[in-house]
Structures are given as structure tokens and as C-alpha cells.
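A.B. asks:
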Amino acid sequence: MSNNDSNGADAEATEEAAFDRSEFISFLQQYYRGELDSITQFLSRMDLTTDWAIAVVAALLTLAFEENRGTYVLLVGMIILLFFLFFEARRYRLYDAHRARVRLVEENALANAFDPKGVEISDWRQELSDDLREPVLKVTFWEALERRLKRVYLPMLLLIGLAWLFRITVYVPNEQWLKTASVPGVPGEIVISTVFVYYLLLFIAAFWPREREAKGEFYGEEPGEWKEEE
7 MSNNDSNGAD AEATEEAAFD RSEFISFLQQ YYRGELDSIT QFLSRMDLTT DWAIAVVAAL
67 LTLAFEENRG TYVLLVGMII LLFFLFFEAR RYRLYDAHRA RVRLVEENAL ANAFDPKGVE
127 ISDWRQELSD DLREPVLKVT FWEALERRLK RVYLPMLLLI GLAWLFRITV YVPNEQWLKT
187 ASVPGVPGEI VISTVFVYYL LLFIAAFWPR EREAKGEFYG EEPGEWKEEE
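When we follow our numbering, the leftmost residue of the sequence shown carries the number 7, and every step to the right adds one.
1. What whole-angstrom Cβ distance do PHE89 and THR55 have, given they're in contact under 8 Å?
2. Helix, strand or coil: how does DSSP classify LYS233 here?
3. Tell me the rounded alpha-carbon separation between LEU206 and ARG105.
4. Terminal residues of the continuous alpha helix (DSSP H) containing PRO193?
5. Distance, Cα to Cα, ARG131 vs ASN114?
6. Whole angstroms are fine: how far does the CA of SER199 sit from the CA of ALA117?
7. Report the residue from ILE196, ARG154, SER44 whose alpha carbon sits nearest the alpha carbon of LEU208.
8. For VAL176, does the count of other Cβ atoms within 10 angstroms reach 16, so buried, or fall short, so exposed?
9. Helix, strand or coil for VAL189? Go by DSSP, reduced to three states.
10. Between the stretch 59-79 and the stretch 121-131, do three or more beta carbon pairs fall short of 8 Å?
11. Along the chain, where does the alpha helix (DSSP H) that runs through GLY40 open and close?
12. Return the residue from the list VAL201, VAL192, MET162 that minimises the CA-CA distance to ASP314.
13. Would LEU80 and ALA150 be called neighbours here (beta carbons separated by less than 7 Å)?
14. Would you decide whether PHE48 is buried or exposed? Buried here means 16 or more other CB atoms lie within 10 Å of its CB.
15. Thinking just about the alpha-carbon of each residue, which of PHE213, LEU164, THR186 is nearest to the one in PHE202?
16. With 16 other CB atoms within 10 Å as the buried threshold, where does THR77 fall?
17. Taking the C-alpha atoms as reference points, what is the distance between ILE166 and PHE120?
18. Nearest by alpha-carbon distance to LEU69: which of ARG173, ASP53, PRO122 is it?
Here it is in C-alpha cells:
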């Protein structure tokens, strides 16, 4: 059989699933399971990145307070966590792309099967088909970074920052804190200024108002409102 004949047979098989109700439902079930599996994989990858970040923070906090150990260890930790954050924001965008497809199926096919009030998006099958043909990331990199920063990395970075502040002040009361903050070749004033700017940019990235690309279905509703009858 030629390649053209094979491609034609594949096209006919998928077209049957599109127009035959039972075939489509069976196909949709398999597709839905596959997308859920993809979501699970991306969540596991993000969890793994977070676990590594927590392990790094714990190790650096231990090293930073050892005798004759400089404060540069905590500064290195701030940089390492930033790399983890950027890496995880990229993974979050991929996770969100698959999650958006799952929600499209849930709110249009599954929800209508439980209570046939009509679909949310009339051409949802066309929209899903277009996204499968030409996948598009649904959230910007900065929105993904903001979400992972506020939910996961900001507490760790604040812990590192407070540990650094404690390390250069209270931990060595008999030594001038500007001297303690310095690293080889860099005066303490510059180090402190750099750390201040670093955390200022973090808070701007986390809390600066910006237009939200994600749908945000769980936001703006009070717990228990789902029980109220219209």
C-alpha cells in the first residue's frame, strides 16, 4: 500500500470518529485520559524542581552558619533559586497548555453530559482541533513566573533573605555588619544595595498589577457559594 493510500485510510478512520457518536465518545475518553496523564507528568516535574529547591535551601542554610563560612553562601542561594524559578515557570506554561485543553473538554462535553444545559463554547471541538494542530501557550512567561513565585519561591527566597540579614548582623555582633556583608573583591555597601534591588524586583514581579491571561476559575468565589441555588 502506498503512503497516500495509508494516509487516506488514517484520515477516513479519524473522520468516522468525528461523525459517529459512539466512536467520538470512545475517542474523547481516550484523549481525555491522555491529557490528564500529561498534566500529571508536568506536575511531577514541577514538584521535582521544587523539591530540589527546598533541598538546596536547607543545605545552604546549614552551610551559612558554620564557623568561618562567609555570607556569600546565601548570596549564591539567591541566584540558584532564581534559576529554579525561571526553569519552573517554563514548565508551568507547558502544564497550563494541557490543563486548558482538559478544561475545554470538561466544561463543554462532560458538564453537558451531567446536565444538558448546552455547551459553554459552541465551536469547542473546532477550538480544540486548532490547538492540537497548532499548539499555543495560554499564559505569558511573566504570568507563569508570577504564579510560581508567589505560591512557591517567594517564601523560600524570603527565608534566605532573612537568614542573610541575621547572618550579617545578629550572628556576628562584634563585627561591623558592612564588613560582614562584603565578599572578596566587593564592598559590603555594594552587596547590600544589590540584595535590596534583587528583592525589590522580586516583589515587583510578584505583585505588580498586570492583565491576567489565565482563566482563573477558582478566584473571586467564596467557599460554599457552589451550594447556593439560583
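Just so it is clear, CB atoms sit at the ideal spot from N, CA and C, and this is done for glycine as well.
C.D. replies: The short version:
1. That pair is no contact at about 10 Å.
2. Residue confidence for LYS233 is low, a pLDDT of 47 falling below 50, so the modelled location carries little weight; the figure read from the coordinates is stated next. LYS233 falls in the helix class under three-state DSSP.
3. Answer to the nearest angstrom: the Cα atoms are 32 Å apart.
4. For PRO193, there is no enclosing alpha helix (DSSP H), since its DSSP letter is neither H nor E.
5. One C-alpha to the other measures close to 9 Å.
6. Their backbone Cα atoms lie some 54 Å apart in a straight line.
7. Out of ILE196, ARG154, SER44, the CA that lies nearest to the CA of LEU208 is found in ARG154.
8. Burial call: exposed.
9. It is a strand residue.
10. At 8 Å Cβ cutoff, the stretches do not touch.
11. Residues 27-70.
12. Given a span of 7 to 236 for the chain in the structure shown, any question on residue 314 remains unanswerable.
13. For LEU80 and ALA150, no; Cβs fall outside 7 Å.
14. Answer is buried; the Cβ neighbour count reaches 16.
15. Nearest of PHE213, LEU164, THR186 to PHE202, Cα basis: LEU164.
16. With 16 or more Cβ atoms within 10 Å of its Cβ, THR77 is classed as buried.
17. ILE166 and PHE120: Cα-Cα distance of roughly 49 Å.
18. For the residues ARG173, ASP53, PRO122, the minimum Cα distance to LEU69 belongs to ARG173.
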